[in-house]
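So the sequence shown is numbered by our numbering: it starts at 2 and just counts up by one. All residues carry an ideal CB built from backbone N, CA and C; glycine is no exception. Here the structure is a predicted model, which is why all the values come from computation and not from measurement. First up is the structure itself, then whatever we jot down about it.
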Amino acid sequence: EELGADPDFDVVRDLPVLTWQAGLKQAGPVGRFLRRLLIRRFLAKRGLRLAATDAELAALSESKAETETLEKLLTPFIDSGIWPGWHQANVGELRGLLQRCEALAADAAAGDVAAAFSGLAPDPARLAELEQALASCETDERAWRDLGAAIPADRAELAALLPALGRIGRLEYCLDWNRLRAASCGDYPLAPVADAVAAGQLRREGFKEALSRAFHRWLAPLLIDASPALRRFRVRDHERLRAQFADRDRMLADATGQQVAALAAARVPPREGRLSEGLKLLNRELNKKQRHVPIRKLMEALGAEVLDLTPCMMMSPISIAQFLPRDFNHFDLVVFDEASQITVWDAVGTIARGRNVIVVGDPKQMPPTNFFSRSATDAEDDEQDYESILDRALDAGLKKHRLTGHYRSRHESLIAFSNSKYYENSLATYPAAVTKESAVEFHRVDGLYSKGKEANNPKEAQHVAAEVLRRLTDPALSKLSIGVVALNQSQQRTIENQLDDLRRARPEIEPFFSDEDGRLPLFVKNLETVQGDERDVIILSLGYGPTEPGAASMSMNFGPLNRAGGERRLNVAITRARHEVLVFASMDYRLIDLSRTQARAVADLRDYLEYAERGVSVLAGQTEARYGVDSFDSDFERDVAFWLRDRGWQVQSQVGVSRFRVDLGVVDPDRPGVYLAGVECDGATYHGSPAARDRDRIRQQVLEGLGWRFVRIWSTDYFRDPERTMQEVDARLRELRAAGPPAEA
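Okay, structure coming up:
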């Protein structure tokens, strides 16, 4: 008050007043003037506007001493945390506190407090209450001290805490965050990620991915260093090893075939020396021009010796019954191909000819029928299905080995529907190096189905014939072989008649109907006769449809498809193509009313028409097709894809619809419908392969046959030096672009 100021006690306590006073006494007039000037500036910076006279310095010295004394007196309160900010109180607050303390002291001196307690001594109950109250008071004091230690002394900080009182309910989330952060960052170097989240620099939506990337980038070098094999891994050495393995694996396959041929050749009787009677008879027959001995009699004479001359025979069950004696049972192995079409009674005689049997077939394809034994007057719907030797073998529980590789279709969409509907997505298919989603096209025709004796659709047949003509007269399209499949015989004959008219009118297309120059001739077949055939392009003509223009409904009779097992016929028809399937129909799939039929094949036909019209996306939930949707196998793949996109490349992740996908497909900037290359990141597809042959030779060989070229990134190389690795990938992609499309394309 004497100084006319309300200074901060911390400022007063730390002032070097005694040093100033001693310096002023020892200095001369000029020195004292300069010193007082410096002291005034020093005090002004600390909020004290004083002239630094001797009286003011004396008052400051006295205030400093009083402050130190007061601090000693308040030490218990300061240490307890009850009043840590006492030194920030102003003079008025201190005076009020002093007055209250003086009043309390006066009450104690007057004996009022002592009188209140003096009467309690004889009463134990009251003493117990006081002891309990004292214990409660001590508990409250400890809590008060803890609170005092936690609350900041600065008033500005206290004021900043007031808005937080309204969010006190969220305190538990904050505590959870602090606990999890401490637990995570204690074991792993994740503090930067946690700080980024707390600062709002990392959004919640991307937190999981960022955390995963940070963790694996930290973990990968540790794992590499901990493994001698990974630590010594070098890309160049490993690629050379893979190439050597692929070459030697091919050599092994070739040598195996040569060994079989050599073993068979070693059994051929020598030309010189004594011949058996059977071989003598064979020589005589070979030199004859006419009047040959029947084959069956010749086989009886030769017996087992015929197998020395021709160790492998390809015959139908009927030929075996016709040409081989009934006691001819010298085969080591009998193999039935397309066994789903061989009846049990036809197969039994063949099985008896050998010591071992292998039954090869697809139970999802055509069963044996009486199609070839029907008379011309029998209705097509009167065909009967019979049990096949394949069915009987499966029922008997013979050892099974399922072949899951599919190599015919050069676009996965050609087999994706059947894979989903009939094979539980178990077939391993391979994506083509093209970006289009589907190779199945739907062509709607305004045709009408003629019921009754005709049972055909002439207008649809005209459209099919026109499409055939268009393709045969196009220089590029004519390189692809064509097959036409109708759902019934009547539609087959109608299409054949249309094509016959075109062949007469356009002689230049005639060569496409024969096998001249080694080409596969164009065929027109129906459901019952197409199994075993394949062509580059299959044109499927439904024929069935409305019988009147604009009809809102139609008959649910689809011939063979309505019978039990009709789905096997449909499966055959839609899986004959290597490059494309063109579906010609005079109806929309919505016209097939499943409430009016229980036939599974009809329901499958409806789904297939929708599939042809809308694409692979209709198989959602049955097979995963990812066209234009990011779905990465690992953070490694994601980082590679984003890096390439940042450099201007268009990248599609996980190309394909089967389990054999290409990790990343890079679209060719000069040919937008084609992939320039596949970038393989040694992901799940690679390390999930069951054998090195599948992983390092077969899969890549098949994909290269489908037009793919590959750039491979090994994760060990990437984690050591990601920038250098990606620069090499970028350079390789630019080389492929400059080189142009591969010869196969």
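I'd like to confirm the pairing. Which residues does DSSP put opposite N357 in its beta bridges?
As a working mapping, residue 357 is identified with position 356 in the sequence shown. Secondary-structure assignment with DSSP links N357 through a beta bridge to L334.
Does the distance from the C-beta atom of D363 to that of S389 stay below 8 Å?
The count along the sequence shown starts at 1 and reaches residue 363 at position 362. The count along the sequence shown starts at 1 and reaches residue 389 at position 388. With respect to the 8 Å criterion, D363 and S389 are not classified as neighbours on the basis of their beta carbons.
Span of the alpha helix (DSSP H) around N572:
Translated into positions along the sequence shown, residue 572 becomes position 571. Element bounds for N572: G567 to A574.
Flag this pair as yes or no: are the beta carbons of N563 and V603 separated by less than 8 Å?
For the purposes of this step, residue 563 is identified with residue 562 of the sequence shown, where counting begins at 1. For the purposes of this step, residue 603 is identified with residue 602 of the sequence shown, where counting begins at 1. Closer than 8 Å, so yes.
I'd like to know whether the C-beta atoms of R615 and A578 end up nearer to each other than 8 Å.
Mapped onto the sequence shown, residue 615 falls at position 614. Mapped onto the sequence shown, residue 578 falls at position 577. Against a cut-off of 8 Å, the Cβ pair of A578 and R615 comes out as no contact.
Nearest to E461 (by Cα), restricted to the options M588, P743 and G97
Residue 461 sits at position 460 when you count from the first residue of the sequence shown. If you compare the alpha carbons of M588, P743 and G97 with that of E461, the shortest gap goes to M588.
Measure the Cβ-Cβ separation of L299 and L283 and say whether it is below 8 Å.
The sequence position of residue 299 within the sequence shown is 298, counting from 1. The sequence position of residue 283 within the sequence shown is 282, counting from 1. For L299 and L283, yes; Cβs fall inside 8 Å.
Assuming N527 and L488 form a contact by the criterion Cβ under 8 Å, report the distance between their Cβ atoms to the nearest whole angstrom.
Position 526 of the sequence shown, counted from the start, is the residue given in the question as residue 527. Position 487 of the sequence shown, counted from the start, is the residue given in the question as residue 488. Contact check for N527 and L488: beta-carbon distance about 7 Å, within the 8 Å limit, so the pair qualifies.
Helix, strand or coil for A586, going by three-state DSSP, please let me know.
Taking the sequence shown and counting its residues from 1, one reaches residue 586 at position 585. Strand, per DSSP.
So Q202 is in the alpha helix (DSSP H); what residue range does that whole segment cover?
Residue 202 sits at position 201 when you count from the first residue of the sequence shown. The continuous stretches of alpha helix (DSSP H) do not include Q202, and DSSP gives it neither H nor E.
So, for G657: in the same chain, excluding its five sequence neighbours on each side, which residues have a beta-carbon less than 7 Å away from its beta-carbon?
Start at 1 with the first residue of the sequence shown, and residue 657 comes out as number 656. The answer, listed in chain order, is E413, P432 and V663.
Three-state secondary structure assigned by DSSP to V294
Translated into positions along the sequence shown, residue 294 becomes position 293. Residue state for V294 is assigned as coil, using DSSP reduced to three classes.
Cα-Cα separation between K65 and V13, rounded to whole angstroms:
Within the sequence shown, the letter at position 64 stands for residue 65. Within the sequence shown, the letter at position 12 stands for residue 13. Computed Cα separation, rounded: 6 Å.
Just to confirm my understanding: we take R627, look at its own chain, exclude 5 residues before and 5 after, and list those with CB closer than 6 Å. What are they?
By one-based count along the sequence shown, residue 627 stands at place 626. Interpretation of R627 is limited by its pLDDT of 44, a score under 50 that renders its predicted location unreliable; the figure taken from the coordinates is listed afterwards. Only Q655 meet the Cβ criterion.
Buried or exposed (CB count within 10 angstroms, at least 16 for buried), P476
Locating residue 476 in the sequence shown gives position 475, where the first residue counts as 1. Exposed, because fewer than 16 other Cβ atoms sit within 10 Å of the Cβ of P476.
Kindly list the residues whose CB is nearer than 8 Å to the CB of P326, restricted to its own chain and excluding five residues on each side of it in sequence; keep chain order.
For the purposes of this step, residue 326 is taken as residue 325 along the sequence shown, with counting starting at 1. Contacts found: R297, M300 and E301.
Rounded to whole angstroms, how far is the Cβ of S410 from the Cβ of T436, which I believe are closer than 8 Å?
Position 409 of the sequence shown holds residue 410. Position 435 of the sequence shown holds residue 436. The distance from the Cβ of S410 to that of T436 is about 17 Å, inconsistent with a contact at the 8 Å cut-off.
Beta-carbon proximity list for A305, same chain, < 7 Å, skipping 5 on both sides:
Reading the sequence shown from its first residue, position 304 is the one you call residue 305. Counting only Cβ-Cβ distances below 7 Å, and skipping sequence neighbours, we find H331.
Sorry if obvious, but does the Cβ on V358 come closer than 7 Å to a heavy atom of the ligand NAD?
For the structure depicted, the ligand NAD is absent and the ligand set is empty, with no information on it obtainable.
Run of the alpha helix (DSSP H) containing Q1, from where it starts to where it stops:
Nothing about residue 1 can be reported from this structure: the residues present for the chain run from 2 to 746 only.
Three or more C-beta pairs under 8 Å: does that hold for the region 478-488 against the region 516-534?
Contact between the region 478-488 and the region 516-534 is present, because at least three Cβ pairs lie under 8 Å.
When you compare only the Cα positions, how much space is there between A434 and L707?
Counting from one through the sequence shown, the residue named residue 434 turns up at place 433. Counting from one through the sequence shown, the residue named residue 707 turns up at place 706. A434 and L707 have their C-alpha atoms some 6 Å from each other.
Work out the CA separation of A417 and G544 for me, nearest whole Å.
Residue 544 sits at position 543 when you count from the first residue of the sequence shown. Residue 417 sits at position 416 when you count from the first residue of the sequence shown. Rounded to whole angstroms, G544 to A417 spans 24 Å at the Cα level.
Can you list, in chain order, the stretches of the alpha helix (DSSP H) that have 4 or more residues and sit fully within the region 202-252?
Within the region 202-252, the complete alpha helix (DSSP H) runs of at least 4 residues are 208-227 and 229-232.
Of the residues Q366, G97 and R648, which one's Cα is nearest the Cα of G533?
Numbered from its first residue, the sequence shown carries residue 533 at position 532. Ranking the options by Cα distance to G533, first place goes to Q366.
Check this for me: beta carbons of S62 and Q27, under 8 Å apart or not?
Here residue 62 refers to the residue found at position 61 when the sequence shown is read from its first residue. Here residue 27 refers to the residue found at position 26 when the sequence shown is read from its first residue. No, they are not a contact pair.
Tell me which same chain residues have a C-beta within less than 8 Å of the C-beta of Y424, skipping the five on either side of it?
In the sequence shown, residue 424 corresponds to position 423, counting from 1. Answer for Y424: K365, listed in chain order.
Nearest to W178 by alpha carbon, out of G187, A199 and L163?
As a working note, residue 178 is residue 177 in the sequence shown. For W178, the nearest C-alpha among the options comes from A199.
Counting only runs of 4+ residues fully inside the region 629-708, write out the alpha helix (DSSP H) ranges in chain order.
At a cut-off of 4 residues, the continuous stretches assigned as alpha helix (DSSP H) that sit fully inside the region 629-708 are 636-647, 685-688 and 700-706.
So, using beta-carbon positions, are S427 and T405 closer together than 8 Å?
The count along the sequence shown starts at 1 and reaches residue 427 at position 426. The count along the sequence shown starts at 1 and reaches residue 405 at position 404. Going by beta carbons, S427 and T405 fall inside the 8 Å limit.
Check whether the Cβ atoms of V675 and V652 lie closer than 8 Å to each other.
Within the sequence shown, numbered from 1, the residue matching residue 675 stands at position 674. Within the sequence shown, numbered from 1, the residue matching residue 652 stands at position 651. For V675 and V652, no; Cβs fall outside 8 Å.
Quick check: what's the CA-CA separation for A353 versus G448?
If you number the sequence shown from 1, residue 353 lands on position 352. If you number the sequence shown from 1, residue 448 lands on position 447. When rounded, the distance between both Cα atoms is 53 Å.
Where the alpha helix (DSSP H) through V349 begins and ends:
As a working mapping, residue 349 is identified with position 348 in the sequence shown. Taken as a continuous stretch (DSSP letters only), the alpha helix (DSSP H) holding V349 covers V345 to I352.
For G741, count the other beta carbons within 10 Å of its own beta carbon; 16 or more makes it buried, fewer makes it exposed. Which is it?
Indexing the sequence shown from 1 puts residue 741 at position 740. The Cβ neighbour count for G741, taken over all protein chains shown within 10 Å, is under 16; the residue is labelled exposed.
V712 to F720, Cα distance in whole Å?
Start at 1 with the first residue of the sequence shown, and residue 712 comes out as number 711. Start at 1 with the first residue of the sequence shown, and residue 720 comes out as number 719. Those two C-alpha atoms are separated by around 17 Å.
Which residue or residues does DSSP assign as beta-bridge partners of E442?
On the sequence shown, residue 442 is found 441 positions in, with the first residue counted as 1. Answer is L583, bridged to E442.
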